[in-house]
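Heads up, the thing below is written out as structure tokens.
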Amino acid sequence: MSLSEIEFQAKAVEDAPEEGIQGRSQWALTWRRLRRDKMAIASMIVIVIIAACAIAAPAFAALAGHAPNTVYPNTGLSASGGPVPPGTHGFLLGTDELGRDLFVRVIYGARVSLFVGLVTTLIATVAGVSLGLITGYFGGWVDGILARFIDSVLAFPYIVLALSLAVVFGPSLPIVIGVISFFTWAGISRVVRGQALSIKEREYIEAARSLGAGPWRIMFIDILPNLLAPVLVLATLSIPAAITFEATLDYLGLGVPPPTATWGNILAGAQSYYSVAWWYLVFPALALVITTIAFNLLGDGVRDAMDPRTERVFAAGRKKRRKRRTASPPPAPQLPGALPPTA
Amino acid sequence: MALVRFLIRRILSGIVVLWVVSTAAFFLFFARNTDIVARQLAGRAATTAILQEVTRNLGLNQPILTQYWHFLGRTVTGNLGLSYYNGSVPVASIVGRDLPRTASVLVGGVVLWLVVGLSVGILSATRARSLFDRLATVGVLVGLSMPTFVLGEILLLAIYLPLNENGYHLVNTGYVGLSSGIIPWAEALILPWITLATVQAAVYTRLSRGSLLDTLGEDYIRTARAKGLTERRVIYRHALRGALTPVVSQLGIDVGVLLGGVIVVEQVFGVGGLGQDAVSAISNGDLPVILAFVMLAAAFVVIANIIVDVFYAVLDPRVRIS
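Here it is, written out as structure tokens:
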């Protein structure tokens, strides 16, 4: 091969039109896969609707003409003093035993649930990622202690901590957020720590270190971006867990104290009246379960989109993909001299 | 021999854990709250003199370290103190009365949950992508998204209420002692068991399914099949044993979650066990009862973890007890 020929080839490469191949970042690829996932998109829409309802709760209250914590003994209670069924006297979903508007209360309950879900996930993610990164990167005795601590947190009965804090400080929203965050960060931290342990041995980290990067730069600029995928999945899945957790604490009287309208509080009240007022139990339960299912489905969808190798947790859409897979590969070109494909 | 040494060591360290937990809980509860408790007990209109007398009667006026010393001394002998309510009955007799209720819920629930979780997991792993597998996956998703108390309340509304309104008293709530026969006992507890089991079984179905699918891809399974063993023997004798280890270690982690589930279930169905006692003691400020509950919970977690570790070593020949 002569020199001029190499030069010619190099020039041809340089002159080649810059189209055809378009670089896509990991996030763009993820989004493309997620967009094709009907279940995930449907869940996203459901979540947006619930969030919109939560934000616009005062507007709904104004529309219904009822405040969330006001009792309406004249219109909201039946002649025998019980809750009225859905559709009576302008109570869309009926009332509870005090004659409060169930519809308005369920809408207001979404505010607490979403707020607790998002805030605790944020706190737990920041704490879990930082602690996991630091101990995974530095290793040694700090790491040993943290690993032990994470194990004990994960095995600790949450109910004991919740009970104890409720005894000492009285139940309140900040305590709920504290308890849930405390039991959520450990799982995130464990995953991050494991990943950091393996990533820090890679060559590009070695390269960064030889270029003079300090430990903090390596941890948060070089390692962290490679951890975002699993962290995002864990965070999405910890929102429904936190919502369930909050409702359970409310139900046991260890959470947000009544009369604040939360799904857990409404359902705790419904416990004594389900035999006379099914709506009192069914509507808040539906709101709660639809919300957690939507977040769980979205979390599963995000995980599948991040990592195409994982098996789909929800079966919908699988048939379609299989069809596409069998249809898409072009027929292999018949190479001269190759064996004919066996039928 | 190794097992005995292991058990002794674990029991000793378990006692240390119990001591730490009870000390922490004692100081947390008693260092701060005495005034509030006395006020709650004496009523809203109590004068200072009455408040002081209540405090003195409960021994809350002594220095905290003296109280702690008394607490340690009597706890070691199994005396858990007197309840502030219920006519000052000994807490130990409340525990004696209500522990069988909690234990009944716990044992039945755990058995049902493991049986359902594992068998559904095994069936869907061995029939991956079948209709059963897909239905199971949907069930798991709903189970994971459903809080325990919501499931319990829905069962009350959908099963208990229609059956009893129509005169079929097949399921009950509350608690009937084992002494009145197994059938009445089980009738009262079947709904609590189902509730406790369903939510937890979902996690275990997912876990055992994934773990068994992984194990079935291992070389030693191919070897077993190549030896000409039946598929049944390959799955139940060879694969399952390896696949169960992650399930068992998850069990150790879930002991704490399980305890929360039992309390919720007791509350929903009015079983009247220790969890319900603890929850109502919170609103009363009945500190000795809550303290006893915290210590029993810690003891339960310690014992359950020892059992899980022994199981682990039995299942996986590579794990040595030490």
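Chains G and D supply the protein sequences, listed in that same order.
The numbering used here numbers the first residue of the first sequence as 18 and each following residue consecutively.
The numbering used here numbers the first residue of the second sequence as -15 and each following residue consecutively.
Note that the Cβ used here is the ideal one computed from N, Cα and C, for glycine as well.
Quick caveat, the model's predicted, so the values are computed rather than measured.
- Item | Beta-carbon separation (whole angstroms), residue 108 of chain G vs residue 119 of chain G, contact threshold 8 Å | 7 Å
- Task: With DSSP collapsed to three states, give me the class of residue 54 of chain G.
- Result: coil
- Message: Quick check on DSSP: helix, strand or coil for residue 47 of chain G?
- Response: helix
- Message: I'd like to confirm the pairing. Which residues does DSSP put opposite residue 74 of chain D in its beta bridges?
- Response: D/66
- Task: Check whether the Cβ of residue 174 of chain G lies closer than 8 Å to any Cβ atom in chain D.
- Result: yes
- Hey, does residue 313 of chain G have any beta-carbon neighbour from chain D nearer than 8 Å? yes
- Message: Using a Cβ distance threshold of 8 Å, determine whether the region 243 to 261 of chain D contacts the region 167 to 177 of chain D, with at least three qualifying pairs required.
- Response: yes
- Using the beta-carbon count (16 or more within 10 Å), is residue 166 of chain D buried or exposed? exposed
- Item | Three-state class that DSSP yields for residue 77 of chain G in the structure shown | helix
- Message: In the DSSP output, which residue or residues are listed as bridge partners for residue 94 of chain G?
- Response: G/100
- Task: Starting from the C-beta of residue 13 of chain G, find all residues in its chain whose C-beta is less than 8 Å away, skip the five residues before and the five after it, and write them out in chain order.
- Result: Chain G is shown from 18 up to 360; residue 13 of chain G falls before or after that span and cannot be answered.
- Message: Can you check whether the C-beta of residue 265 of chain G is within less than 8 Å of a C-beta belonging to chain D?
- Response: yes
- Could you give the residue range of the alpha helix (DSSP H) that holds residue 47 of chain D? Unbroken run through residue 47 of chain D: none, as it is neither H nor E.
- Test: residue 281 of chain D CB closer than 8 Å to a CB of chain G: yes
- Task: Could you run through the region 175 to 195 of chain D and flag, in chain order, every residue whose CB is less than 9 Å away from some CB of chain G?
- Result: 190, 194
- Task: Return the chain-ordered list of same chain residues with a C-beta closer than 6 Å to the C-beta of residue 6 of chain D, the five sequence neighbours on each side being excluded.
- Result: 279
- Message: Would residue 243 of chain D and residue 13 of chain D be called neighbours here (beta carbons separated by less than 8 Å)?
- Response: no
- Straight-line gap, residue 8 of chain D to residue 52 of chain D (C-alpha atoms, nearest Å): 11 Å
- Task: In angstroms with no decimal places, state the Cα-to-Cα distance between residue 44 of chain D and residue -2 of chain D.
- Result: 29 Å
- Message: By DSSP's criteria, residue 105 of chain G is part of a beta bridge. Which residues make up the other side?
- Response: G/108
- Item | Within chain G, the residues that residue 84 of chain D reaches when beta carbons sit closer than 9 Å | None at all; the shortest Cβ gap to chain G is about 20 Å.
- Task: Please compile the residues from chain D whose C-beta is within a distance smaller than 8 Å of the C-beta of residue 310 of chain G.
- Result: 125, 126, 129
- Query: Are there 16 or more other CB atoms within 10 angstroms of the CB of residue 336 of chain G, so buried, or fewer, so exposed?
  - Reply: Residue placement at residue 336 of chain G is poorly supported in this model, since its pLDDT is 40, which falls under 50; the coordinates are not used for a value here.
- According to DSSP, is residue 293 of chain D helix, strand or coil? helix
- Beta-carbon spacing of residue 149 of chain G, residue 238 of chain G below 8 Å: no
- Task: Tell me residue 32 of chain G's beta-bridge partners as DSSP assigns them.
- Result: Answer is none; residue 32 of chain G lacks a bridge partner.
- If the cut is a Cβ gap below 7 Å, which residues of chain D does residue 295 of chain G touch? 141
- Message: Is it buried or exposed, residue 22 of chain G, if we count other Cβ atoms within 10 angstroms and call 16 or more buried?
- Response: exposed
- Report all residues from its chain with a CB closer than 8 Å to the CB of residue 111 of chain D; omit the five preceding and five following residues, and keep chain order. 117
- Message: What residue range does the alpha helix (DSSP H) around residue 125 of chain G cover?
- Response: 119 to 155
- Query: If residue 283 of chain D sits next to residue 66 of chain D, beta carbons under 8 Å apart, how far is it from one beta carbon to the other, in whole angstroms?
  - Reply: Not really, about 21 Å apart at Cβ, beyond 8 Å.
- With 8 Å set as the bound, which would you pick, yes or no: does the beta-carbon of residue 224 of chain D sit closer than that to a beta-carbon of chain G? no
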